[in-house]
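Peer 1:
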Amino acid sequence: MHRLGGAQEGGSAPGDRRGMGQEFVDHRRYVAGDDLRYVDWSVYGRLGEMQVKEFAAEESMHLVLVIDRSASMGVRRDGQPSKLELALDIGAALGALVLWRGDGVTLLVSDRDRAPERISFRGRSRLMELIDQLDGVEAGGGDREMLGLREFFRRREMRSTRPVTVLLSDLLRPPADFDSLFTLAARHSVRTHVIHLAAPEEVNPPLSGRIELVDSETGEPLVLEVDETVRKTYRQRFQKHLDAIRGAALKRGIAHVLLQTDEPMEEAVLSLLRDGRLFR
Amino acid sequence: MFCTVTFEQPGAWIWIVLVLPLFVFALYRRKTLRVQVSSLFLWKEESHSRRIRLGSRLSGWLSLLLQILVVVCFLAAWSGPRWGGAEKSGEQTPSRLVLVIDNSPSMGAREDPSGSRRLDRALKRARDWARWAREGRTVTVVTTSPEMRVRFREGETAREVRSGLMDITVSGLPGEDPLDVARWVQKMAGRTPTRVVVLSDRVASPNPAGSGLEWVEWEQLGQPVPNDGILTVRSVRNIRGPGGVLVLDLVCDGGRAREKTIVVREGRKIHYQETLNLVPGSEVIRHRVKMDDLGEGALEIVLDPEDALSADNRFQVKIPAPLPIPVVVVGGPQGKASALDAALFALGDRVDRKESVRLESDSPPSLSRQKRCLVVVQEGGTLGVREKGVTLCLDPDLLCQRLGVEKELVTSPRRSVRVQQEPLWSGWANLHDLIVRQHVNLTSWPGMNPIVSTQGGHPLVLAEKGPESLRVYLAFSLSQSNLAALAAFPLLLEGLLEQVATMNPDRAVQARSPEEIRLDPGGEVTTGLPVESPSHIGVDFEFDLRPLCIALAVFFLIAEWGLDLVRRGRRGKP
Chain A
1 MHRLGGAQEG
11 GSAPGDRRGM
21 GQEFVDHRRY
31 VAGDDLRYVD
41 WSVYGRLGEM
51 QVKEFAAEES
61 MHLVLVIDRS
71 ASMGVRRDGQ
81 PSKLELALDI
91 GAALGALVLW
101 RGDGVTLLVS
111 DRDRAPERIS
121 FRGRSRLMEL
131 IDQLDGVEAG
141 GGDREMLGLR
151 EFFRRREMRS
161 TRPVTVLLSD
171 LLRPPADFDS
181 LFTLAARHSV
191 RTHVIHLAAP
201 EEVNPPLSGR
211 IELVDSETGE
221 PLVLEVDETV
231 RKTYRQRFQK
241 HLDAIRGAAL
251 KRGIAHVLLQ
261 TDEPMEEAVL
271 SLLRDGRLFR
Chain B
1001 MFCTVTFEQP
1011 GAWIWIVLVL
1021 PLFVFALYRR
1031 KTLRVQVSSL
1041 FLWKEESHSR
1051 RIRLGSRLSG
1061 WLSLLLQILV
1071 VVCFLAAWSG
1081 PRWGGAEKSG
1091 EQTPSRLVLV
1101 IDNSPSMGAR
1111 EDPSGSRRLD
1121 RALKRARDWA
1131 RWAREGRTVT
1141 VVTTSPEMRV
1151 RFREGETARE
1161 VRSGLMDITV
1171 SGLPGEDPLD
1181 VARWVQKMAG
1191 RTPTRVVVLS
1201 DRVASPNPAG
1211 SGLEWVEWEQ
1221 LGQPVPNDGI
1231 LTVRSVRNIR
1241 GPGGVLVLDL
1251 VCDGGRAREK
1261 TIVVREGRKI
1271 HYQETLNLVP
1281 GSEVIRHRVK
1291 MDDLGEGALE
1301 IVLDPEDALS
1311 ADNRFQVKIP
1321 APLPIPVVVV
1331 GGPQGKASAL
1341 DAALFALGDR
1351 VDRKESVRLE
1361 SDSPPSLSRQ
1371 KRCLVVVQEG
1381 GTLGVREKGV
1391 TLCLDPDLLC
1401 QRLGVEKELV
1411 TSPRRSVRVQ
1421 QEPLWSGWAN
1431 LHDLIVRQHV
1441 NLTSWPGMNP
1451 IVSTQGGHPL
1461 VLAEKGPESL
1471 RVYLAFSLSQ
1481 SNLAALAAFP
1491 LLLEGLLEQV
1501 ATMNPDRAVQ
1511 ARSPEEIRLD
1521 PGGEVTTGLP
1531 VESPSHIGVD
1541 FEFDLRPLCI
1551 ALAVFFLIAE
1561 WGLDLVRRGR
1571 RGKP
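Top to bottom, those sequences are chains A and B. Taking our numbering, I'd label the letters of the first sequence as residues 1 to 280. Taking our numbering, I'd label the letters of the second sequence as residues 1001 to 1574.
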C-alpha cells in the first residue's frame, strides 16, 4: 500500500499540458528558439508560414476511484445488477486499464465505523489486489465517501499529482451538495469525472396503484397512490435533478455521464473510453 | 323495507347481501404493495417530508377507522336496532301534556250530591294537571266541542293553562269523540314525547295492542249511564208547516231519573237547545219547540247525545223534513220490483234522483254503493245493519209473529251472510254482506199496504199480500252525507215498532240495539265490560335505528372517500 506521492512522475497518459509526447495536439506559430524538428514543413509549403506542431505532454496518470457505497447503491430489482455492482465493475475496468499502463490507482473507500481511507495501487502487479479490494466493498456506508472526497480535494499533496478523479454514485442527494463538491474540485484543479448510475426504475418508475415506498437508507415509508400523474411528476423531477447536476458539473469543467444498470457494463465502459468522455 | 330480522321474516336477511360486497371491497381495495426504493428524495418534497409523513400516517389510521366504522354501521343496520319501546316508555320524560277535555252535553250532568257537574270535576282535574306545566314543559288543552271542532289552548305556565280552562263550558252538541281526539293528538304529536290525558265521562274503549292508544291515560268522570231511562220521540209534528212550532212527544221509559238534552239543529246551526229533567215513566211528555226561522233544510232532533244507548253517543233522529239524502233502496229478491218501487216511492218525493243509485238488474253494487244503500232483507235471521260501530238488530221472526204475517220477507241474496247466534235473536247481518238486487223507479205501489208511515205519510213498512202469504217489506232512509244518522236507526226502528204495537195493541213488538250492549236472557240491558285505564302512562316511542345506522355508514363511506381524494390530490404532487 502506497501513499500518493508528491513528486510528478512521467506516465503514459496524455495530459492537458503541451509537452514531448507522441500525441499531436495542435499547431502554433513558430517563434524564435523553437526546435526546428517540430516545424511542419508541409504546412510551410502550402501556406508559406512556419507552423510548429505541438504534442501533448505525456505524464504519469493517477486515477482516484471514489465509489459511493451507500445503501441506495445496493438496491437490486428484477434480477438486474445493483448500482454498486455496476460501479465496482466500472471501477475495476478503469483501474485495470490504468494499472496495466503502469500508472497508479487510488481507491477511496470507507469502513462502516471509520473515516474513508485511501488505498493506492501502481503497476500491473497490483491489479489483483485492486480487484480483491473492490470485491470486498459492500453497500451501506452512507455518505462517508463524499466526506472523504472533500477531504481529498483539500489535501495539498494531491494538487501536485493532478489526479483524475472518477466518482461513481447515484447522486440521490440534493444538487446543492454536489455543487459544492464540484466547486471544490474546480478550485483545486482536480480533473473530475462523474459517472451517474441510475436504475431503470429510477428513471422511469413502473409503479402503479397503492404503493408503500420504503427508503433503503432510512427505512422511512411513504404510501402513495401512484398513477400516471404521479409518474409524470416524478419523471419531471428526476430530469430536473439530472439537469441540475449536469449543469453544475459542466459549469466547473467536470464530465458527467449517466449510465443505467440495464446497460451492459462492457459497452458502457467502451463507450466512455471511445467517445473520450472519460479519458483523452 | 326496514323490517326486523326474525325467522318469520327471512327476507330481512337481504341486508347481508349489501354488507358482504362492502366487506370484500374494503378488504381488497386497500391492498398496498411494498416496494423498496433507493431514496425517497425524488418522491417527496424535502421541506415537507416530515409533515407529509405525519399526515400520511394519521390519514392512514383515520382511513382505517372510517372503514371500520362503515362496516360496523352496516352490521348494526343489518341487526335492526331499535331504541325506546314499551319497556322504556315509563322512563321517558315527555315535554308536552295534552289534556283532552270532554265538554259534551253529558258533562253537564249533576250526579254528585254536591251539585257539581262532571265538567267541573274535569276542570278541577285539569287544574291539577296544569301544575305539570313547568321547566319547559307545555300543557295543551283540547276540547271536543263541535262548534270549533276542537278547541286548542296551549300554555307554558300553570297560570296560563288555568286561565284558559275558565273559558271551557258545556257544549250543546255532542262533539267529537274523545277517542278520536286522542288519536288526532297522537297523529299531530308525531314523535314528540307527548302525554295525553282524556277527561271524559265515557267509558274508555278497550285499547288493543297496536291501536296506538296504549299511551293515552283515560280518566273517567262519572259512572256509565245505565241503559235505562231511554228518551224516545213518540211523534214529531210541525203544526205550522216550515217554520213555526215543533211539537215533540217524548217518552222517557224506565230507569232512573236523569237529565236529557234536546237539540234541534239544521246542519251545524242550532235552532233549539234545552235540558230537561225527566222523570222516567211511560207517560208522554209533550215538548213544544218554537222555530222562528225553520228553513227547507233537514232538521235533526238530537236527544241526549250522551245516552249510553248509542255507542258513539250520537243519538239523533232525523225528522222527515226535506231530505237531501241521495237514495233509499229496499232490497229484496228478484221479482219484487213492485214492492221495492213502492218502498222507494215512500220517500220518493224527497229523494234526489240524480244521486240515486242506479243499479242494473242482478248486478251487485260496489262496496261504496252499498254504503249508500240500506237493505234489510235477510233470510232466516235478524235484520240488521252494521256501520260506524253501530249494529241494528231486528228479529224478523218476532216481528212477523207480532204482525201476524208469515215470514216470507226474509230472503238472502247471498249465502255468505254472517249470522251470529245470540240468546234471544238468531243473529245479525253486516251491511257489507248484503247486496242490492234491483233498483227501479216507481210512482205508485199497487198492491202494497203501508203498515207504518212517516210523519209525512210516507210508508216505511209495506205489506204485500201474495198468493199464499203476506210479505212485509221495510224501507229505511240513510243519508250518505251524514252517516251519523245511522245511529238513529234503532230509534227509528223502535218508533216503527211502537207504531205497529199501537196499531196492534194486543201484540208486543220488540227491538234491541246496539252491538256494544249485550242482551242477557233476562232481558236486562247492560253496558260492556268496564275497561281499565292504562295503569302505565308514558310515552311509548320506539325508533327504528336502522335508517340512522345506514345514514352513518354512508356518511363514513363518503368521508373515507373524501379523505382518499385529498390524499390522492396530495400525492399528485409528490
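C-beta atoms are modelled at their ideal positions from N, C-alpha and C, and glycine is treated no differently.
I want to verify the contact list: residues of chain A whose CB lies under 8 Å from the CB of glycine 1060(B), in sequence order.
Peer 2: Here residue 1060(B) is taken as the residue at index 60 of the second sequence, counted from 1. Under the 8 Å cutoff, chain A gives Val223.
Peer 1: Give me, in chain order, the residues of the same chain whose beta-carbon lies closer than 6 Å to that of threonine 192(A); leave out the 5 immediate sequence neighbours on both sides.
Peer 2: Here residue 192(A) corresponds to residue number 192 of the first sequence, with the count starting at 1. Answer for threonine 192(A): Thr165, Ala185, Ile254, listed in chain order.
Peer 1: Could you tell me whether the Cβ atoms of proline 1178(B) and valine 1198(B) are closer together than 8 Å?
Peer 2: Locating residue 1178(B) in the second sequence gives position 178, where the first residue counts as 1. Locating residue 1198(B) in the second sequence gives position 198, where the first residue counts as 1. Yes, these two residues count as a Cβ contact at 8 Å.
Peer 1: Can you have a look at asparagine 1103(B) and say buried or exposed, based on whether 16 or more other CB atoms are within 10 angstroms of its CB?
Peer 2: Taking the first residue of the second sequence as 1, we reach residue 1103(B) at position 103. Label assigned to asparagine 1103(B): buried.
Peer 1: Rounding to the nearest angstrom, what Cα-Cα distance links valine 1141(B) and leucine 1075(B) in this structure?
Peer 2: If you number the second sequence from 1, residue 1141(B) lands on position 141. If you number the second sequence from 1, residue 1075(B) lands on position 75. Cα-Cα distance, rounded: 45 Å.
Peer 1: So tryptophan 1043(B) contacts chain A; which residues on that side make the cut at Cβ distance below 8 Å?
Peer 2: As a first step, residue 1043(B) must be located in the second sequence, where it is residue number 43. By Cβ distance, chain A contributes Leu213, Leu222, Leu224, Tyr234.
Peer 1: At 8 Å on the CB atoms, spell out the chain B contacts of valine 52(A), in chain order.
Peer 2: By one-based count along the first sequence, residue 52(A) stands at place 52. What valine 52(A) touches in chain B: nothing, since even the nearest Cβ is about 52 Å away.
Peer 1: If I'm right that leucine 1165(B) touches leucine 1123(B) with Cβ under 8 Å, what's the distance once you round it to whole angstroms?
Peer 2: Counting from one through the second sequence, the residue named residue 1165(B) turns up at place 165. Counting from one through the second sequence, the residue named residue 1123(B) turns up at place 123. Contact holds; Cβ gap of about 5 Å.
Peer 1: Assign glycine 79(A) to buried or exposed, taking buried as 16 or more other Cβ atoms, counted over all protein chains shown, within 10 Å of its Cβ.
Peer 2: For the purposes of this step, residue 79(A) is identified with residue 79 of the first sequence, where counting begins at 1. Counting Cβ neighbours within 10 Å, glycine 79(A) comes out exposed, since fewer than 16 surround it.
Peer 1: What does a CB cutoff of less than 6 Å around leucine 207(A) pick up in its chain, not counting 5 residues either side in sequence?
Peer 2: For this step, residue 207(A) is matched to residue 207 along the first sequence. Hits under 6 Å: Val226.
Peer 1: Measure from the alpha carbon of valine 203(A) to the alpha carbon of each residue in Pro1021(B), Val1072(B), Val1037(B), Arg1546(B), then state which is nearest.
Peer 2: Position 203 of the first sequence, counting from 1, holds the residue named residue 203(A). Nearest in C-alpha terms to valine 203(A), of all of Pro1021(B), Val1072(B), Val1037(B), Arg1546(B), is Val1037(B).
Peer 1: Where do the N-terminal and C-terminal ends of the alpha helix (DSSP H) with serine 42(A) fall, by residue?
Peer 2: Locating residue 42(A) in the first sequence gives position 42, counting from the first residue. It spans 41-47 - the alpha helix (DSSP H) in which serine 42(A) sits, taken as one unbroken run.
Peer 1: When the Cα of tryptophan 1095(B) is compared with those of Ser1114(B), Trp1078(B), Trp1132(B), Asp1128(B), which residue comes out closest?
Peer 2: Residue 1095(B) sits at position 95 when you count from the first residue of the second sequence. Position check: residue 1095(B) holds serine in this sequence, whereas tryptophan was assumed. Taking each of Ser1114(B), Trp1078(B), Trp1132(B), Asp1128(B) in turn and checking the Cα distance to serine 1095(B), the smallest one comes out for Trp1132(B).
Peer 1: My understanding is that aspartate 68(A) touches aspartate 215(A), with C-beta atoms under 8 Å, so please give their C-beta distance in whole angstroms.
Peer 2: Taking the first sequence and counting its residues from 1, one reaches residue 68(A) at position 68. Taking the first sequence and counting its residues from 1, one reaches residue 215(A) at position 215. Not quite, the Cβ-Cβ distance comes to about 16 Å (not below 8 Å), so this is no contact.
Peer 1: What is the rounded straight-line gap between the Cα of aspartate 1564(B) and the Cα of leucine 259(A)?
Peer 2: On the second sequence, residue 1564(B) is found 564 positions in, with the first residue counted as 1. On the first sequence, residue 259(A) is found 259 positions in, with the first residue counted as 1. Near 38 Å, if we compare the C-alpha coordinates of leucine 259(A) and aspartate 1564(B).
Peer 1: Can you name the start and end residues of the alpha helix (DSSP H) that aspartate 132(A) belongs to?
Peer 2: Counted from its first residue, the first sequence places residue 132(A) at position 132. 127-135 is the span of the alpha helix (DSSP H), which, as asked, contains aspartate 132(A).
Peer 1: Under 7 Å between beta-carbons, which chain A residues line up against leucine 1040(B)? List them in chain order, please.
Peer 2: To locate residue 1040(B), count along the second sequence from 1; it is residue 40. What leucine 1040(B) touches in chain A: Leu213, Asp215, Glu220, Leu222.
Peer 1: Using a beta-carbon distance below 8 Å, is glutamine 1067(B) in contact with chain E?
Peer 2: You won't find chain E in this structure, because its protein chains are A and B.
Peer 1: Can you list, in chain order, the residues of its chain whose CB lies under 7 Å from that of threonine 183(A), leaving out five sequence neighbours each side?
Peer 2: The residue given as residue 183(A) occupies position 183 in the first sequence. By the criterion of a C-beta distance shorter than 7 Å, threonine 183(A) is surrounded in its chain by Arg252, once the five residues flanking it on both sides are discounted.
Peer 1: Which value, in whole angstroms, describes the spacing of the CA atoms of tryptophan 1043(B) and proline 205(A)?
Peer 2: Residue 1043(B) sits at position 43 when you count from the first residue of the second sequence. Residue 205(A) sits at position 205 when you count from the first residue of the first sequence. Going from the Cα of tryptophan 1043(B) to the Cα of proline 205(A) covers about 11 Å.
Peer 1: Looking at the unbroken alpha helix (DSSP H) that takes in isoleucine 67(A), where does it start and where does it end?
Peer 2: If you number the first sequence from 1, residue 67(A) lands on position 67. Not the alpha helix (DSSP H): isoleucine 67(A) falls in the beta strand (DSSP E), residues 62-67.
Peer 1: Alpha carbon to alpha carbon, what distance is there between glycine 1108(B) and leucine 1529(B)?
Peer 2: Here residue 1529(B) corresponds to residue number 529 of the second sequence, with the count starting at 1. Here residue 1108(B) corresponds to residue number 108 of the second sequence, with the count starting at 1. No answer about leucine 1529(B) holds up, because its pLDDT of 31 lies below 50 and its placement is not dependable.
Peer 1: Under the assumption that valine 52(A) contacts arginine 28(A) (Cβ atoms under 8 Å), give the Cβ distance between them as a whole number of angstroms.
Peer 2: Numbered from 1 along the first sequence, position 52 holds the residue referred to as residue 52(A). Numbered from 1 along the first sequence, position 28 holds the residue referred to as residue 28(A). That belief holds up - the Cβ atoms of valine 52(A) and arginine 28(A) are roughly 6 Å apart, short of 8 Å.
Peer 1: Within 8 Å of any Cβ in chain A, is that where the Cβ of arginine 1546(B) sits?
Peer 2: Indexing the second sequence from 1 puts residue 1546(B) at position 546. With 8 Å as the cut-off, arginine 1546(B) does not count as an interface residue toward chain A.
Peer 1: Say whether chain A places a C-beta atom closer than 8 Å to the C-beta of valine 1024(B).
Peer 2: As a working note, residue 1024(B) is residue 24 in the second sequence. Chain A, which has no Cβ nearer than 8 Å to the Cβ of valine 1024(B), makes this no.
Peer 1: Alanine 1553(B) to valine 223(A), Cα distance in whole Å?
Peer 2: By one-based count along the second sequence, residue 1553(B) stands at place 553. By one-based count along the first sequence, residue 223(A) stands at place 223. As the crow flies, the alpha-carbon of alanine 1553(B) is around 26 Å from that of valine 223(A).
Peer 1: Report the residue from Thr218(A), Pro174(A), Glu201(A), Phe152(A) whose alpha carbon sits nearest the alpha carbon of serine 189(A).
Peer 2: Counting from one through the first sequence, the residue named residue 189(A) turns up at place 189. It is Phe152(A) whose Cα lies nearest to the Cα of serine 189(A).
Peer 1: Based on Cα-Cα distance, which residue from Gly1562(B), Ser1145(B), Leu1040(B), Leu1065(B) lies nearest to valine 1100(B)?
Peer 2: Taking the second sequence and counting its residues from 1, the one referred to as residue 1100(B) is at position 100. Comparing Cα positions, the closest option is Ser1145(B).
Peer 1: Put tyrosine 30(A) into one of helix, strand or coil per three-state DSSP.
Peer 2: Taking the first residue of the first sequence as position 1, residue 30(A) is located at position 30. It is coil, neither helix nor strand.
Peer 1: Can you round the beta-carbon distance between proline 175(A) and isoleucine 245(A) to whole angstroms, since I take them to be within the 8 Å contact cut?
Peer 2: Walking along the first sequence from the start, residue 175(A) turns up at place 175. Walking along the first sequence from the start, residue 245(A) turns up at place 245. Going by Cβ atoms, the distance from proline 175(A) to isoleucine 245(A) rounds to 5 Å, so yes, they are a contact pair.
Peer 1: Which residues bound the alpha helix (DSSP H) around phenylalanine 1041(B)?
Peer 2: As a first step, residue 1041(B) is located in the second sequence; it is residue number 41 there, counting from the start. Looking at the DSSP string, phenylalanine 1041(B) is not in any alpha helix (DSSP H), and its letter there is neither H nor E.
Peer 1: With 16 other CB atoms within 10 Å as the buried threshold, where does proline 163(A) fall?
Peer 2: Working through the first sequence from its first residue, we reach residue 163(A) at position 163. Its Cβ being crowded by 16 or more others within 10 Å, proline 163(A) is buried.
Peer 1: Less than 8 Å separating the beta-carbons of isoleucine 131(A) and alanine 92(A)?
Peer 2: Locating residue 131(A) in the first sequence gives position 131, where the first residue counts as 1. Locating residue 92(A) in the first sequence gives position 92, where the first residue counts as 1. Contact: yes.
Peer 1: Go ahead and pull the three-state DSSP assignment for histidine 241(A).
Peer 2: Against the first sequence, residue 241(A) aligns to sequence position 241. In the structure shown, histidine 241(A) sits in a helix (DSSP, three-state: H, G or I).
Peer 1: Can you pull the DSSP bridge partners for valine 1098(B)?
Peer 2: Looking up residue 1098(B) in the second sequence gives position 98. DSSP lists Thr1140(B), Val1196(B) as partners of valine 1098(B).
Peer 1: Please tell me whether leucine 1097(B) has its Cβ less than 8 Å away from any Cβ of chain A.
Peer 2: For the purposes of this step, residue 1097(B) is identified with residue 97 of the second sequence, where counting begins at 1. For leucine 1097(B), the answer is no, since every Cβ of chain A falls outside 8 Å of its Cβ.
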